[in-house]
Amino acid sequence: MTDSYFFENKNILVTGSSGLLGSWLVEDLVDQKTVVTGVSLDNTKDQLLQSKKIIDKIENYYIDISSYEDIKKIVSNKNFDLIFHLAAQTQVTDALKNPLATLKSNIQGTWNMLELSRLYDIPIVSASSDKAYGISDDLPYLETHPLKGQFPYEVSKSSSDLISSMYKNTFGVNVITLRCGNIYGGGDLNWDRLIPGVVKALLNDEKPVLRTKGEFIREWVYVKDVSNAYLGAGKALINNENNFVAYNFSSGETKTVMEIYEIISKSITGELVEPIIKEDSEFEIKNQELDSSRIKDDLGIMSQYTLKDAIGETIKWYEKHLNL
(Lines of atoms letter the chains of each structure in order from A and count residues from 1; the text may use other names and numbers.)
(Lines give C-alpha, C1' and ligand atoms only; values in the text may rest on other atoms or scores of the structure.)
Protein backbone atom coordinates (compact mmCIF):
# COMPACT_ATOMS: atom_id res chain seq x y z
CA MET A 1 0.00 0.00 0.00
CA THR A 2 1.10 3.57 -0.69
CA ASP A 3 1.98 5.83 2.25
CA SER A 4 -1.11 7.89 3.10
CA TYR A 5 0.56 11.20 2.28
CA PHE A 6 3.55 10.26 0.14
CA PHE A 7 2.33 12.57 -2.64
CA GLU A 8 1.53 15.53 -0.36
CA ASN A 9 2.65 18.79 -2.02
CA LYS A 10 4.16 16.92 -4.97
CA ASN A 11 3.45 18.38 -8.40
CA ILE A 12 1.77 15.71 -10.53
CA LEU A 13 0.47 15.68 -14.11
CA VAL A 14 -2.37 13.27 -14.95
CA THR A 15 -3.29 12.88 -18.62
CA GLY A 16 -6.70 11.37 -19.19
CA SER A 17 -7.79 12.88 -15.88
CA SER A 18 -11.51 12.83 -16.67
CA GLY A 19 -11.71 9.12 -17.55
CA LEU A 20 -12.68 6.19 -15.35
CA LEU A 21 -9.21 5.50 -13.95
CA GLY A 22 -8.12 9.12 -14.19
CA SER A 23 -10.97 10.41 -12.03
CA TRP A 24 -10.34 7.83 -9.28
CA LEU A 25 -6.58 8.48 -9.38
CA VAL A 26 -7.10 12.25 -9.22
CA GLU A 27 -9.42 11.79 -6.24
CA ASP A 28 -6.79 9.70 -4.44
CA LEU A 29 -4.13 12.32 -5.17
CA VAL A 30 -6.34 15.20 -4.01
CA ASP A 31 -6.99 13.26 -0.80
CA GLN A 32 -3.21 13.23 -0.28
CA LYS A 33 -3.05 17.02 -0.77
CA THR A 34 -1.19 16.67 -4.05
CA VAL A 35 -0.86 19.55 -6.51
CA VAL A 36 -2.61 18.02 -9.53
CA THR A 37 -2.70 19.20 -13.13
CA GLY A 38 -5.21 17.32 -15.26
CA VAL A 39 -5.21 17.04 -19.04
CA SER A 40 -8.17 15.73 -21.01
CA LEU A 41 -9.43 16.10 -24.55
CA ASP A 42 -12.36 18.41 -23.78
CA ASN A 43 -14.60 19.50 -20.94
CA THR A 44 -17.64 17.46 -22.01
CA LYS A 45 -16.55 14.45 -19.96
CA ASP A 46 -15.88 16.09 -16.62
CA GLN A 47 -18.96 14.55 -14.99
CA LEU A 48 -16.90 12.19 -12.84
CA LEU A 49 -14.62 14.90 -11.49
CA GLN A 50 -17.67 17.08 -10.87
CA SER A 51 -19.56 14.28 -9.12
CA LYS A 52 -16.56 13.73 -6.84
CA LYS A 53 -16.47 17.49 -6.14
CA ILE A 54 -12.80 17.71 -7.09
CA ILE A 55 -13.00 19.50 -10.44
CA ASP A 56 -12.12 22.82 -8.75
CA LYS A 57 -9.31 21.29 -6.70
CA ILE A 58 -7.06 20.66 -9.70
CA GLU A 59 -5.83 22.73 -12.63
CA ASN A 60 -7.46 21.53 -15.85
CA TYR A 61 -6.27 21.77 -19.45
CA TYR A 62 -8.26 20.58 -22.45
CA ILE A 63 -5.93 19.58 -25.28
CA ASP A 64 -5.13 16.67 -27.57
CA ILE A 65 -1.96 14.98 -26.29
CA SER A 66 -1.06 13.96 -29.83
CA SER A 67 -0.27 17.67 -30.33
CA TYR A 68 3.33 17.81 -29.13
CA GLU A 69 3.60 21.59 -28.96
CA ASP A 70 0.38 21.93 -26.94
CA ILE A 71 1.36 19.41 -24.29
CA LYS A 72 4.95 20.72 -24.25
CA LYS A 73 3.70 24.19 -23.25
CA ILE A 74 2.21 22.67 -20.10
CA VAL A 75 5.07 20.34 -19.18
CA SER A 76 7.82 22.89 -19.81
CA ASN A 77 6.32 25.41 -17.37
CA LYS A 78 5.25 23.24 -14.45
CA ASN A 79 8.30 21.48 -12.97
CA PHE A 80 6.38 18.23 -12.45
CA ASP A 81 7.63 15.57 -10.03
CA LEU A 82 5.80 12.77 -11.86
CA ILE A 83 3.53 12.09 -14.83
CA PHE A 84 0.69 9.59 -14.86
CA HIS A 85 -0.03 9.08 -18.55
CA LEU A 86 -3.52 7.58 -18.89
CA ALA A 87 -4.92 9.46 -21.90
CA ALA A 88 -5.80 7.08 -24.71
CA GLN A 89 -8.52 5.73 -26.93
CA THR A 90 -9.44 2.66 -24.88
CA GLN A 91 -12.26 0.98 -26.79
CA VAL A 92 -11.67 -2.07 -29.00
CA THR A 93 -14.86 -1.38 -30.97
CA ASP A 94 -13.97 2.29 -31.52
CA ALA A 95 -10.50 1.27 -32.66
CA LEU A 96 -12.03 -0.92 -35.36
CA LYS A 97 -14.20 1.95 -36.58
CA ASN A 98 -11.42 4.53 -36.54
CA PRO A 99 -7.96 2.92 -36.49
CA LEU A 100 -6.08 6.07 -37.50
CA ALA A 101 -7.38 8.11 -34.57
CA THR A 102 -6.60 5.22 -32.22
CA LEU A 103 -3.02 4.86 -33.43
CA LYS A 104 -2.50 8.62 -33.29
CA SER A 105 -3.85 8.94 -29.76
CA ASN A 106 -2.28 5.84 -28.26
CA ILE A 107 1.09 5.74 -30.00
CA GLN A 108 1.86 9.36 -30.85
CA GLY A 109 0.37 10.53 -27.56
CA THR A 110 2.63 8.14 -25.67
CA TRP A 111 5.82 9.06 -27.51
CA ASN A 112 5.04 12.73 -26.95
CA MET A 113 4.81 12.17 -23.20
CA LEU A 114 7.96 10.03 -23.15
CA GLU A 115 9.91 12.62 -25.13
CA LEU A 116 8.85 15.30 -22.66
CA SER A 117 9.83 13.01 -19.79
CA ARG A 118 13.25 12.69 -21.41
CA LEU A 119 13.68 16.42 -22.01
CA TYR A 120 12.59 17.50 -18.54
CA ASP A 121 13.76 14.45 -16.56
CA ILE A 122 10.33 13.56 -15.18
CA PRO A 123 9.45 9.99 -14.10
CA ILE A 124 6.40 8.65 -15.91
CA VAL A 125 3.89 5.85 -15.30
CA SER A 126 2.31 4.93 -18.62
CA ALA A 127 -0.97 3.05 -18.93
CA SER A 128 -0.92 -0.19 -20.87
CA SER A 129 -3.12 -3.26 -21.06
CA ASP A 130 -3.13 -7.02 -21.25
CA LYS A 131 -4.16 -6.43 -24.88
CA ALA A 132 -0.53 -5.52 -25.63
CA TYR A 133 0.34 -9.23 -25.59
CA GLY A 134 -2.11 -10.12 -28.34
CA ILE A 135 -3.36 -13.64 -28.96
CA SER A 136 -1.52 -16.37 -27.06
CA ASP A 137 -2.19 -19.93 -25.94
CA ASP A 138 0.55 -19.56 -23.33
CA LEU A 139 -1.41 -18.15 -20.40
CA PRO A 140 -1.11 -16.44 -18.02
CA TYR A 141 0.85 -13.68 -19.70
CA LEU A 142 4.24 -12.89 -18.17
CA GLU A 143 6.00 -9.58 -18.74
CA THR A 144 8.61 -11.52 -20.72
CA HIS A 145 6.04 -12.70 -23.27
CA PRO A 146 6.31 -11.13 -26.73
CA LEU A 147 4.12 -8.15 -27.58
CA LYS A 148 2.25 -9.21 -30.70
CA GLY A 149 -0.99 -7.31 -31.05
CA GLN A 150 -2.79 -7.96 -34.34
CA PHE A 151 -5.84 -5.68 -34.30
CA PRO A 152 -5.83 -1.84 -34.10
CA TYR A 153 -6.24 -1.38 -30.35
CA GLU A 154 -3.87 -4.24 -29.48
CA VAL A 155 -1.22 -2.97 -31.90
CA SER A 156 -1.47 0.52 -30.41
CA LYS A 157 -0.70 -0.87 -26.94
CA SER A 158 2.09 -3.20 -28.15
CA SER A 159 3.69 -0.29 -29.98
CA SER A 160 3.46 2.19 -27.11
CA ASP A 161 5.02 -0.36 -24.75
CA LEU A 162 7.92 -0.96 -27.13
CA ILE A 163 8.43 2.79 -27.38
CA SER A 164 8.47 3.03 -23.58
CA SER A 165 11.17 0.34 -23.43
CA MET A 166 13.15 2.17 -26.11
CA TYR A 167 13.11 5.40 -24.11
CA LYS A 168 14.27 3.53 -21.02
CA ASN A 169 16.97 1.48 -22.74
CA THR A 170 18.31 4.26 -24.97
CA PHE A 171 17.84 7.43 -22.95
CA GLY A 172 17.41 6.19 -19.39
CA VAL A 173 13.90 7.62 -19.01
CA ASN A 174 12.48 6.56 -15.65
CA VAL A 175 9.31 4.84 -16.87
CA ILE A 176 6.94 2.10 -15.74
CA THR A 177 4.27 0.65 -17.99
CA LEU A 178 1.36 -0.98 -16.16
CA ARG A 179 -0.41 -3.72 -18.11
CA CYS A 180 -3.77 -4.15 -16.43
CA GLY A 181 -6.66 -6.53 -16.96
CA ASN A 182 -10.22 -5.39 -17.66
CA ILE A 183 -10.75 -2.36 -15.43
CA TYR A 184 -14.23 -1.78 -14.08
CA GLY A 185 -15.90 0.28 -11.40
CA GLY A 186 -18.34 3.06 -10.69
CA GLY A 187 -17.88 5.98 -13.02
CA ASP A 188 -17.43 4.11 -16.29
CA LEU A 189 -19.88 5.98 -18.53
CA ASN A 190 -19.05 4.06 -21.69
CA TRP A 191 -22.24 2.06 -22.05
CA ASP A 192 -20.74 -0.14 -24.78
CA ARG A 193 -18.56 -1.78 -22.13
CA LEU A 194 -19.88 -4.93 -20.52
CA ILE A 195 -20.32 -3.97 -16.87
CA PRO A 196 -21.69 -0.41 -17.18
CA GLY A 197 -23.90 -1.40 -20.11
CA VAL A 198 -25.40 -4.37 -18.30
CA VAL A 199 -25.88 -2.51 -15.02
CA LYS A 200 -27.57 0.43 -16.74
CA ALA A 201 -29.92 -1.80 -18.72
CA LEU A 202 -30.97 -3.85 -15.71
CA LEU A 203 -31.50 -0.80 -13.51
CA ASN A 204 -33.72 0.60 -16.27
CA ASP A 205 -35.66 -2.69 -16.59
CA GLU A 206 -34.27 -3.25 -20.08
CA LYS A 207 -32.74 -6.35 -21.65
CA PRO A 208 -28.93 -6.10 -21.69
CA VAL A 209 -27.11 -6.55 -24.99
CA LEU A 210 -23.92 -8.65 -25.15
CA ARG A 211 -21.52 -8.50 -28.10
CA THR A 212 -20.67 -12.19 -27.74
CA LYS A 213 -22.08 -15.44 -26.41
CA GLY A 214 -20.10 -14.73 -23.26
CA GLU A 215 -17.52 -17.50 -23.62
CA PHE A 216 -14.44 -15.27 -23.69
CA ILE A 217 -12.32 -15.32 -20.53
CA ARG A 218 -11.04 -12.08 -19.03
CA GLU A 219 -9.26 -11.06 -15.85
CA TRP A 220 -11.23 -8.36 -14.06
CA VAL A 221 -9.69 -5.72 -11.81
CA TYR A 222 -11.43 -3.04 -9.74
CA VAL A 223 -10.61 0.59 -10.51
CA LYS A 224 -9.79 1.35 -6.86
CA ASP A 225 -7.14 -1.38 -6.88
CA VAL A 226 -5.75 -0.04 -10.16
CA SER A 227 -5.53 3.50 -8.79
CA ASN A 228 -3.59 2.18 -5.81
CA ALA A 229 -1.27 0.27 -8.16
CA TYR A 230 -0.53 3.47 -10.08
CA LEU A 231 0.22 5.31 -6.86
CA GLY A 232 2.57 2.51 -5.83
CA ALA A 233 4.29 2.55 -9.21
CA GLY A 234 4.67 6.33 -9.03
CA LYS A 235 6.19 6.12 -5.58
CA ALA A 236 8.63 3.45 -6.79
CA LEU A 237 9.75 5.69 -9.67
CA ILE A 238 10.30 8.72 -7.44
CA ASN A 239 12.29 6.57 -4.98
CA ASN A 240 14.10 4.66 -7.77
CA GLU A 241 12.86 1.36 -6.35
CA ASN A 242 11.65 -0.37 -9.52
CA ASN A 243 13.81 -3.01 -11.18
CA PHE A 244 11.75 -3.31 -14.37
CA VAL A 245 9.86 -1.20 -16.91
CA ALA A 246 6.84 -3.45 -17.49
CA TYR A 247 4.55 -4.76 -14.77
CA ASN A 248 1.34 -6.74 -15.07
CA PHE A 249 -1.40 -5.86 -12.62
CA SER A 250 -4.74 -7.51 -12.07
CA SER A 251 -6.83 -9.30 -9.47
CA GLY A 252 -6.05 -12.93 -10.19
CA GLU A 253 -9.78 -13.55 -10.72
CA THR A 254 -10.66 -14.76 -14.21
CA LYS A 255 -14.26 -15.10 -15.32
CA THR A 256 -16.05 -15.53 -18.61
CA VAL A 257 -18.13 -12.64 -19.85
CA MET A 258 -21.26 -14.68 -19.16
CA GLU A 259 -20.18 -15.41 -15.59
CA ILE A 260 -19.77 -11.68 -14.96
CA TYR A 261 -23.15 -11.07 -16.56
CA GLU A 262 -24.81 -13.66 -14.33
CA ILE A 263 -23.30 -12.15 -11.17
CA ILE A 264 -24.62 -8.70 -12.08
CA SER A 265 -28.03 -9.92 -13.21
CA LYS A 266 -28.66 -11.90 -10.04
CA SER A 267 -27.31 -9.08 -7.85
CA ILE A 268 -29.70 -6.52 -9.33
CA THR A 269 -32.82 -8.55 -10.16
CA GLY A 270 -32.43 -11.70 -8.09
CA GLU A 271 -32.62 -13.82 -11.24
CA LEU A 272 -30.88 -14.45 -14.54
CA VAL A 273 -32.37 -12.11 -17.13
CA GLU A 274 -31.92 -13.51 -20.64
CA PRO A 275 -29.64 -11.10 -22.57
CA ILE A 276 -29.69 -10.20 -26.26
CA ILE A 277 -26.65 -11.74 -27.99
CA LYS A 278 -25.20 -9.87 -30.99
CA GLU A 279 -22.29 -12.25 -31.80
CA ASP A 280 -20.10 -9.38 -33.01
CA SER A 281 -16.61 -10.41 -31.90
CA GLU A 282 -14.52 -11.25 -34.95
CA PHE A 283 -11.61 -9.02 -33.93
CA GLU A 284 -11.34 -9.75 -30.22
CA ILE A 285 -8.88 -11.86 -28.26
CA LYS A 286 -10.73 -14.86 -26.87
CA ASN A 287 -8.94 -15.58 -23.60
CA GLN A 288 -6.68 -13.43 -21.43
CA GLU A 289 -5.05 -13.89 -18.04
CA LEU A 290 -2.19 -12.06 -16.33
CA ASP A 291 0.51 -13.23 -13.95
CA SER A 292 0.89 -10.32 -11.51
CA SER A 293 3.61 -11.83 -9.33
CA ARG A 294 6.35 -9.44 -10.53
CA ILE A 295 4.64 -6.30 -9.23
CA LYS A 296 3.83 -8.04 -5.95
CA ASP A 297 7.37 -9.34 -5.44
CA ASP A 298 9.23 -6.25 -6.68
CA LEU A 299 7.01 -3.40 -5.47
CA GLY A 300 4.71 -5.02 -2.90
CA ILE A 301 1.60 -4.07 -4.90
CA MET A 302 -1.44 -6.36 -5.01
CA SER A 303 -5.19 -6.12 -5.36
CA GLN A 304 -7.28 -5.80 -2.20
CA TYR A 305 -10.88 -6.19 -3.39
CA THR A 306 -12.69 -9.43 -4.15
CA LEU A 307 -14.73 -9.55 -7.33
CA LYS A 308 -17.94 -9.97 -5.34
CA ASP A 309 -17.33 -6.93 -3.14
CA ALA A 310 -16.12 -4.76 -6.02
CA ILE A 311 -19.09 -5.54 -8.25
CA GLY A 312 -21.38 -4.82 -5.30
CA GLU A 313 -19.76 -1.39 -4.83
CA THR A 314 -19.96 -0.76 -8.57
CA ILE A 315 -23.69 -1.47 -8.72
CA LYS A 316 -24.30 0.84 -5.75
CA TRP A 317 -22.40 3.61 -7.52
CA TYR A 318 -24.64 3.37 -10.59
CA GLU A 319 -27.78 3.21 -8.47
CA LYS A 320 -26.75 6.56 -6.99
CA HIS A 321 -25.26 8.29 -10.03
CA LEU A 322 -26.95 6.81 -13.09
CA ASN A 323 -28.27 10.18 -14.25
CA LEU A 324 -24.80 11.69 -14.73
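Going by my numbering, 195 is the number at position 134 of the sequence shown; the sequence numbering is gapless.
Cβ atoms here follow ideal geometry from the backbone N, Cα and C, with glycine treated the same way.
For residue i, name the three-state secondary structure that DSSP assigns.
| i | result |
| --- | --- |
| Lys134 | helix |
| Glu380 | helix |
| Thr154 | helix |
| Ser128 | coil |
| Thr171 | helix |
| Val334 | coil |
| Val306 | coil |
| Tyr214 | helix |
| Gly195 | strand |
| Ser65 | coil |
| Asn70 | coil |
| Lys165 | helix |
| Asn251 | coil |
| Lys209 | strand |
| Leu360 | helix |
| Tyr228 | helix |
| Leu271 | strand |
| Gly80 | coil |
| Val297 | First, the residue type needs correcting, since residue 297 is Ala and not Val in the sequence shown. Ala297: helix per DSSP, three-state reduction. |
| Ser112 | helix |
| Lys139 | coil |
| Ala262 | helix |
| Ala149 | coil |
| Asn159 | coil |
By Cβ distance below 6 Å, which residues in the same chain neighbour residue i in space, the five residues on each side in sequence not counted?
| i | result |
| --- | --- |
| Gly258 | Trp252 |
| Ile256 | Tyr245 |
| Glu69 | Gln93 and Lys94 |
| Ile337 | Lys268 and Val270 |
| Tyr66 | Gln93 |
| Gln215 | A small fix is needed here, since residue 215 is Glu in this sequence, not Gln. If we look at Glu215 and ignore the five residues flanking it on each side, its Cβ neighbours are Lys192 and Gly195. |
| Lys369 | none |
| Gly77 | Gly83, Leu147 and Ala148 |
| Leu360 | Gly293 and Ala297 |
Could you please give me the residues that DSSP links to residue i through a beta bridge?
| i | result |
| --- | --- |
| Ile185 | Ile144 and Val236 |
| Thr372 | Checking the displayed sequence, the identity of residue 372 turns out to be Ile instead of Thr. According to DSSP, which records beta bridges pairwise, Ile372 is partnered with nothing at all. |
| Gly99 | Val75 and Asn121 |
| Lys316 | Arg279 |
| Asn243 | Trp281 |
| Asn348 | Ile278 |
| Ser190 | Cys241 |
| Tyr322 | Its beta-bridge partners do not exist; DSSP assigns none. |
| Tyr366 | For Tyr366, which the question treats as bridged, DSSP gives no partner whatsoever. |
| Tyr202 | Leu351 |
Going straight from the alpha carbon of residue i to that of residue j, what length do you get?
| i | j | result |
| --- | --- | --- |
| Gln211 | Glu332 | 38 Å |
| Gly293 | Ile321 | 28 Å |
| Thr163 | Gln152 | 9 Å |
| Asp300 | Glu323 | Note that residue 300 is Asn in the sequence shown, not Asp. Looking at the two C-alpha atoms, the distance is approximately 43 Å. |
| Gly275 | Val318 | 4 Å |
| Arg254 | Ser112 | 21 Å |
| Asn230 | Val236 | 10 Å |
| Ser326 | Ile196 | 30 Å |
| Asn303 | Met227 | 17 Å |
| Ser364 | Glu350 | 15 Å |
| Ala149 | Gly80 | 10 Å |
| Ala290 | Glu335 | 36 Å |
| Tyr366 | Lys114 | 24 Å |
| Lys192 | Ser219 | 8 Å |
| Lys357 | Phe305 | 12 Å |
| Tyr379 | Glu340 | 26 Å |
| Arg179 | Pro207 | 25 Å |
| Ser127 | Asp142 | 22 Å |
| Ala371 | Leu298 | 28 Å |
| Lys285 | Leu250 | 16 Å |
| Leu109 | Arg355 | 32 Å |
| Ile183 | Asn265 | 46 Å |
Spatial neighbours of residue i within its chain, please: CB distance less than 7 Å, with the 5 preceding and 5 following residues excluded, ordered by chain position.
| i | result |
| --- | --- |
| Ala307 | Glu204, Asp222, Thr238 and Arg240 |
| Lys347 | Phe277 |
| Lys133 | Leu177 |
| Asp352 | Pro201, Tyr202, Leu203 and Asn309 |
| Ser288 | Leu82, Trp85, Leu86 and Asp89 |
| Phe344 | Leu157 and Phe212 |
Throw me the rounded Cβ distance for the residue i and residue j pair, which I believe falls under 8 Å.
| i | j | result |
| --- | --- | --- |
| Val97 | Ile135 | Contact doesn't hold; Cβ gap of about 13 Å is too wide. |
| Arg279 | Thr315 | 7 Å |
| Pro201 | Pro160 | Between Pro160 and Pro201 the Cβ distance is about 28 Å, and since that is not below 8 Å, they are no contact. |
| Val87 | Val75 | 6 Å |
| Glu374 | Gly247 | 7 Å |
| His146 | Ser190 | Not a contact, Cβ separation roughly 13 Å. |
| Lys261 | Leu383 | 7 Å |
Tell me which same chain residues have a C-beta within less than 8 Å of the C-beta of residue i, skipping the five on either side of it?
| i | result |
| --- | --- |
| Asp64 | Lys296 |
| Ile224 | Ile168, Thr171, Trp172 and Leu175 |
| Lys139 | Asn72, Leu74 and Thr98 |
| Lys118 | Val91 and Val97 |
| Asp103 | Tyr123 |
| Asp131 | Ile124 and Asp125 |
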